[in-house]
Every structure is written in C-alpha cells, then in structure tokens.
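Some notes on the structure that comes next.
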Amino acid sequence: MSFAIDFVRGGCSAQARHASPLGSILLARTPRGLAGAWFEGQKHHPPTFDAPTNPDDPLLRTAIQQLAEYFAGSRSRFDVALDAAGTPFQRAVWAVLADVEPGRTCSYAEVARRVGRPSAVRAVAAAIGRNPLSIIVPCHRVVGSDGALTGYAGGIDRKTALLALERQRFGEDGGRAS
Numbered sequence: 002m003s004f005a006i007d008f009v010r011g012g013c014s015a016q017a018r019h020a021s022p023l024g025s026i027l028l029a030r031t032p033r034g035l036a037g038a039w040f041e042g043q044k045h046h047p048p049t050f051d052a053p054t055n056p057d058d059p060l061l062r063t064a065i066q067q068l069a070e071y072f073a074g075s076r077s078r079f080d081v082a083l084d085a086a087g088t089p090f091q092r093a094v095w096a097v098l099a100d101v102e103p104g105r106t107c108s109y110a111e112v113a114r115r116v117g118r119p120s121a122v123r124a125v126a127a128a129i130g131r132n133p134l135s136i137i138v139p140c141h142r143v144v145g146s147d148g149a150l151t152g153y154a155g156g157i158d159r160k161t162a163l164l165a166l167e168r169q170r171f172g173e174d175g176g177r178a179s
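Here you go:
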C-alpha cells in the first residue's frame with residue numbers, strides 16, 4: 002500500500018464514531034482526507050474537535066465501512082485518502098508501517114533500517130506512538146526485537162487482539178517481516 006500522508010491543512014472538517022469489537026473508534030477528517038482514527042481513551046487520544054459529527058460524510062462513511070470489513074475479516078488493507086499531521090520523519094515511519102503485511106510483525110529496529118536511520122530506534126518508537134491512524138496505518142504490527150509485544154497507544158490487550166484477528170482471518174503465518 003503506498004500513500005502520501007501530508008500535513009493537515011484546514012483543520013478537522015467532520016468527525017464520526019465507529020463501534021468496533023475492540024471499542025469505539027473516533028474518526029476525524031480534513032478537507033484533504035482522513036486525519037485520525039483513535040480508540041476512545043487511548044494514549045494520545047485527541048481532544049474533542051469543533052467539527053460537526055457527520056457519519057454520512059462520504060469519506061468517513063467509507064472509512065467506517067472499511068473498518069467494519071476489516072473486523073469481519075474481508076479487508077486487510079485500507080483505501081481512503083489520508084491527511085495526517087506529522088513531521089517528515091514521522092510520515093516516513095508511518096509509510097513503512099503501511100507495508101507490513103497483515104498478520105506479520107516487524108521490529109522497531111527493522112522500521113528504523115527501512116527509513117534509513119538504523120540508529121534511531123527510539124525516535125522510530127516515538128513516531129509510531131504518535132501514529133494518528135490506528136489500524137489504518139498498522140502500528141500494532143511493530144514488536145520488540147525479541148518479538149515481545151510492546152507499547153501500543155490503544156493498549157496491549159487491543160494490540161494482542163488485532164494481531165490474533167489478522168493471523169486468524171487473513172491466513173498469514175504471523176511471522177516476522179524481512
């Protein structure tokens with residue numbers, strides 16, 4: 002999956018909620034694309050937006066439908082316009098995450114190598130922790146170098162559940178990405 006994540010221009014224009022099996026997900030969009038998808042109450046959850054709640058917004062409706070398909074096991078990748086705020090380094094890290102196959106994992110060190118900064122593992126971890134597009138940009142697929150499940154803004158229980166769902170539904174072997 003290739004995409005460009007650009008700085009937010011124009012602020013949040015609409016928001017909606019999706020009731021997922023793992024909890025409510027707040028979705029926010031800008032005029033250019035989906036700016037965020039956060040589990041309610043997760044670490045780095047955004048403050049409330051001034052934007053109107055509009056579940057009938059075409060982009061938000063598409064994102065909600067694709068999340069429902071993901072949890073039902075009929076979608077492994079997302080195809081919505083994205084416009085998440087982040088530094089160039091954060092956006093590079095998030096782009097790498099999008100290439101990790103469902104059901105597979107990679108380490109923070111592997112992500113650092115893929116962005117061309119092999120010694121920046123802590124900076125990579127910080128960028129992953131600030132990913133505003135939970136599930137859609139799959140930061141839950143990143144694990145410690147020893148394969149241990151480590152931090153996830155939505156909580157380790159959700160990370161465990163997302164990886165188990167992907168391994169079961171998408172037939173991946175759950176191995177480490179190379």
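Quick note on the numbering used here: the sequence shown kicks off at 2 and runs consecutively.
Glycine is no exception: its CB is placed at the ideal position from the N, C-alpha and C atoms.
The structure presented is a predicted model; accordingly, all values stated were derived computationally and were not measured.
* S14, DSSP secondary structure in three states -> S14: coil per DSSP, three-state reduction.
* Is A85 near R78, with beta carbons less than 9 Å apart? -> A distance of 9 Å or more separates the beta carbons of A85 and R78.
* Completely contained beta strand (DSSP E) runs for the region 15–40, where each covers 3 or more residues -> Runs of the beta strand (DSSP E) lying entirely within the region 15–40, each at least 3 residues long, are 15–21, 24–31 and 34–40 in chain order.
* Asked: According to the Cβ coordinates, are L164 and R142 closer than 9 Å?
  -> Yes; because the gap between Cβ atoms is below 9 Å, this pair is in contact.
* **Buried versus exposed, by CB contacts within 10 Å (16 or more), T31** => Sixteen is the threshold: when 16 or more other Cβ atoms of the shown chains lie within 10 Å of the Cβ of T31, as they do, the residue is buried.
* Counting pairs of Cβ atoms below 8 Å between the region 112–123 and the region 55–67, do you hit three or more? -> No, the region 112–123 does not touch the region 55–67.
* **Nearest neighbour of V81, chosen from H19, A15 and G34 [CA to CA]** => For V81, the closest of H19, A15 and G34 by C-alpha to C-alpha distance is G34.
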